[in-house]
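Q: Just so we're aligned: 198 in the working numbering is position 66 of the sequence shown, and the numbers increase by one with no gaps anywhere. Note that beta-carbon positions come from the ideal geometry of N, C-alpha and C, so glycine has one too. It should be emphasised that the depicted structure is a prediction, and the values quoted were computed from it without experimental measurement.
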Amino acid sequence: MRFANRGGRAFVLKGTSAGWDLEKESSGRFSPDPMQMWARHDEIATWVAGLDEASAEPVRPEELDAPVPVPPSIIAIGLNYAEHARATGFEPPTDLPPVFAKFPSSVTGAHGVVRLPGGGTVDWEVEVVAVVGKQMHHVDEADVFSHLAGLTIGQDLSERTRQFSGPAPQFGLAKSYPGFSPIGPWVVSMDELDDPDDLHLGCSIDGEVVQSGTTAGLIFSISRSISELSRVLVLRPGDLVFTGTPDGVGMGLTPPRYLRSGEVLETWVDGIGRMSHTFA
Ligand code: ZN
133 MRFANRGGRA FVLKGTSAGW DLEKESSGRF SPDPMQMWAR HDEIATWVAG
183 LDEASAEPVR PEELDAPVPV PPSIIAIGLN YAEHARATGF EPPTDLPPVF
233 AKFPSSVTGA HGVVRLPGGG TVDWEVEVVA VVGKQMHHVD EADVFSHLAG
283 LTIGQDLSER TRQFSGPAPQ FGLAKSYPGF SPIGPWVVSM DELDDPDDLH
333 LGCSIDGEVV QSGTTAGLIF SISRSISELS RVLVLRPGDL VFTGTPDGVG
383 MGLTPPRYLR SGEVLETWVD GIGRMSHTFA
């Protein structure tokens with residue numbers, strides 16, 4: 133099943149073209165607040181399984197808002213694909229990959245316009261994003277997937293000049309301008325994904341493919357990354373984990389290339405869906 137947000141209300145789908153307003157269809161059993169879906173994801177999934185698809189309302193992905201509009205935390209993992217690490221001038225991590233935060237005000241949906249802040253060095257990073265369901269602290273790798281509500285698509289947009297200027301890198305600020313954390317169009321439950329450890333992901337600019345990879349190339353798999361995070365952090369319902377980007381980002385190209393006003397960035401993860409953003 134898929135968890136979504138239509139007009140600020142929790143919305144659930146069985147397929148990709150029709151679904152139900154969660155609060156109305158459940159006669160108030162479940163909250164209309166999309167942020168209340170995550171802690172109860174199992175219960176909602178069981179209830180959705182019993183719905184008759186004939187009663188579903190048609191919906192297009194373009195109508196949906198960010199499925200997790202106000203995550204308590206956004207945790208992101210850097211240098212988690214070996215080729216990307218080398219292309220950006222770093223050695224691939226052997227112990228733990230670098231971890232940083234994006235600020236929740238940077239979240240936006242899977243379609244729309246993202247304003248470039250000026251400076252001309254905004255870069256793309258397609259990522260698979262995990263959405264925490266049950267709270268996690270000290271969770272073993274084998275138990276991580278049962279704690280997730282599902283996976284969605286993300287872009288970890290990054291203003292590279294801000295990121296790398298100054299005495300120490302500014303990851304958090306440089307990746308948190310408004311609209312710099314697009315996610316969506318929905319969260320796909322774990323049972324619906326054939327193999328979370330081999331999901332193909334990519335993105336294109338004006339139709340030219342710039343990134344193409346698979347989560348099989350992760351140095352730290354989704355479950356291992358999140359298990360390691362849970363050794364330190366308490367991961368709460370609705371938290372997002374950006375799991376890293378494969379090679380092909382603009383700063384690694386010769387010469388470097390960045391997003392320009394008017395360009396269209398299409399982003400996809402097979403088995404989840406697509407996002408499309410225009411820059412202004
Ligand atoms: Zn990233």
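To test your reading of the DSSP string, which unbroken beta strand (DSSP E) runs of 3 or more residues are found completely within the segment 239–289?
A: If we require 3 residues or more, the beta strand (DSSP E) runs fully inside the segment 239–289 come out as 243–246, 258–264 and 280–287.
Q: Would DSSP call K234 helix, strand or coil?
A: Your numbering for residue 234 matches position 102 in the sequence shown. Note: K234 maps to strand in three-state DSSP.
Q: Whole angstroms is fine: what's the gap from E155's alpha carbon to T148's?
A: Working through the sequence shown from its first residue, we reach residue 155 at position 23. Working through the sequence shown from its first residue, we reach residue 148 at position 16. Approximately 19 Å, taken between the alpha carbons.
Q: For a test of your reading of the model: does the CB of F312 fall under 7 Å from any non-hydrogen atom of ligand 1? Yes or no.
A: The sequence position of residue 312 within the sequence shown is 180, counting from 1. No, since every heavy atom of ligand 1 falls outside the 7 Å radius drawn around the Cβ of F312.
Q: Ignore the nearest five residues each way along the sequence and tell me which others in V180's own chain have a CB closer than 7 Å to its CB.
A: Here residue 180 corresponds to residue number 48 of the sequence shown, with the count starting at 1. For V180, where only same-chain residues beyond five positions count, the Cβ hits under 7 Å are M133, V144 and K146.
Q: How would you call F411, buried or exposed, if buried means at least 16 neighbouring beta carbons within 10 angstroms?
A: Taking the sequence shown and counting its residues from 1, one reaches residue 411 at position 279. When all chains shown are included, F411 counts as buried.
Q: Out of A217, A214 and L391, state which residue places its alpha-carbon closest to the alpha-carbon of F312.
A: Here residue 312 is taken as the residue at index 180 of the sequence shown, counted from 1. Nearest C-alpha to F312: L391.
Q: Between the alpha carbons of A233 and G304, how many angstroms are there, rounded?
A: Taking the sequence shown and counting its residues from 1, one reaches residue 233 at position 101. Taking the sequence shown and counting its residues from 1, one reaches residue 304 at position 172. In a straight line, the C-alpha of A233 is about 5 Å away from that of G304.
Q: For T220, which residues from the same chain have a beta carbon less than 8 Å from its beta carbon, with the 5 sequence-adjacent residues on both sides left out?
A: By 1-based counting over the sequence shown, the position of residue 220 is 88. Closer than 8 Å at Cβ, skipping near neighbours: L211, V381, M383 and G384.
Q: Taking DSSP as the reference, what is the three-state secondary structure of F352?
A: Your numbering for residue 352 matches position 220 in the sequence shown. In this structure, F352 counts as coil in the three-state DSSP scheme.
Q: Can you tell me the Cα-Cα spacing of R294 and E257, whole angstroms?
A: Mapped onto the sequence shown, residue 294 falls at position 162. Mapped onto the sequence shown, residue 257 falls at position 125. Roughly 16 Å separates the two Cα atoms.
Q: Of the residues P190, R161, A198 and A214, which one's Cα is nearest the Cα of V319?
A: On the sequence shown, residue 319 is found 187 positions in, with the first residue counted as 1. Comparing Cα positions, the closest option is A198.
Q: Rounded C-beta distance between L348 and D329? I'm assuming under 8 Å.
A: What you label residue 348 is simply residue 216 of the sequence shown in a count that begins at 1. What you label residue 329 is simply residue 197 of the sequence shown in a count that begins at 1. Checking the sequence shown, residue 348 turns out to be Ala, not Leu. At roughly 6 Å, the Cβ-Cβ gap stays under 8 Å, so A348 and D329 are in contact.
Q: My parser needs the alpha helix (DSSP H) runs of 4 or more residues fully inside the segment 286–369; what are they?
A: Counting only runs of 4 or more, we get 292–296, 303–306 and 354–364.
Q: Select from H173, P249, L283 and M268 the residue whose C-alpha is nearest the C-alpha of G403.
A: Taking the first residue of the sequence shown as position 1, residue 403 is located at position 271. Considering only alpha carbons, the answer is L283.
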